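Student: Dropping the structure in here first, questions after.
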Amino acid sequence: LLRLRIDVKCDIAHILPCVSSCHTLTSLKLSVSPKGCHNYGRTLFPKSLNLPALTSLHLGNFAFCASDDGRIDPFSVFSKLNGLIIDNCMVKDSEILCISSET
Numbered sequence: 001l002l003r004l005r006i007d008v009k010c011d012i013a014h015i016l017p018c019v020s021s022c023h024t025l026t027s028l029k030l031s032v033s034p035k036g037c038h039n040y041g042r043t044l045f046p047k048s049l050n051l052p053a054l055t056s057l058h059l060g061n062f063a064f065c066a067s068d069d070g071r072i073d074p075f076s077v078f079s080k081l082n083g084l085i086i087d088n089c090m091v092k093d094s095e096i097l098c099i100s101s102e103t
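First residue of the sequence shown: 1, per the numbering used here; consecutive thereafter.
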């Protein structure tokens with residue numbers, strides 16, 4: 001599996017194990033709205049996703065939360081990422097969202 005698009009209204013815990021097991025995934029478009037939230041619900045972006053081959057990421061309806069040190073740096077784990085789209089997302093508990101990559 002190289003490309004995957006998921007657009008659902010559910011708890012992310014239901015799909016996260018499946019997505020995280022796709023180690024060859026290069027492109028992911030993921031939009032998850034919490035069940036019961038119609039327009040303004042945001043799902044917390046997971047602390048870790050093991051997607052070592054990911055080069056393109058499109059996220060929708062997520063909230064990014066600060067770690068214990070006050071930083072939000074969710075994309076540094078994607079060492080091959082060279083394309084990123086953040087759509088209808090928000091930052092919580094911080095004013096800065098770090099976007100960095102080795103590529």
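We put the beta carbon where it would ideally sit given N, CA and C, even for glycine. All values reported here derive from a predicted model rather than from experimental measurement.
1. Please look up how many angstroms separate the CB atoms of L49 and S20, rounded, as I've assumed it's under 8 Å.
2. Can you name the start and end residues of the alpha helix (DSSP H) that S20 belongs to?
3. If L64 sits next to K29, beta carbons under 8 Å apart, how far is it from one beta carbon to the other, in whole angstroms?
4. Let me confirm a value: I96 is counted as buried when at least 16 other C-beta atoms fall within 10 Å, else exposed. Which label applies?
5. Alpha carbon to alpha carbon, what distance is there between I12 and A53?
6. Just the C-alpha distance for L81 and D69, rounded to the nearest angstrom, thanks.
7. Could you check which residue in L59, I86, L16, C22 has the C-alpha nearest to that of L1?
Tutor: A quick look at the data gives this:
1. Taking the first residue of the sequence shown as 1, we reach residue 49 at position 49. Taking the first residue of the sequence shown as 1, we reach residue 20 at position 20. The beta carbons of L49 and S20 sit about 6 Å from each other, so the pair counts as a contact at 8 Å.
2. Within the sequence shown, residue 20 is the residue found at index 20, counting from 1. 16–20 is the extent of the alpha helix (DSSP H) around S20.
3. For the purposes of this step, residue 64 is taken as residue 64 along the sequence shown, with counting starting at 1. For the purposes of this step, residue 29 is taken as residue 29 along the sequence shown, with counting starting at 1. According to the sequence shown, residue 64 is Phe rather than Leu. The C-beta distance from F64 to K29 rounds to 17 Å, too long to meet the 8 Å contact threshold.
4. Here the question's residue 96 lines up with position 96 in the sequence shown. I96 counts as exposed, since fewer than 16 other C-beta atoms from the protein chains shown sit within 10 angstroms of its C-beta.
5. Position 53 of the sequence shown, counting from 1, holds the residue named residue 53. Position 12 of the sequence shown, counting from 1, holds the residue named residue 12. Between the C-alpha atoms of A53 and I12 there is a straight-line separation of about 21 Å.
6. In the sequence shown, the residue the question calls residue 81 occupies position 81. In the sequence shown, the residue the question calls residue 69 occupies position 69. Between the alpha carbons of L81 and D69 lies a distance of about 24 Å.
7. Reading the sequence shown from its first residue, position 1 is the one you call residue 1. It is C22 whose Cα lies nearest to the Cα of L1.
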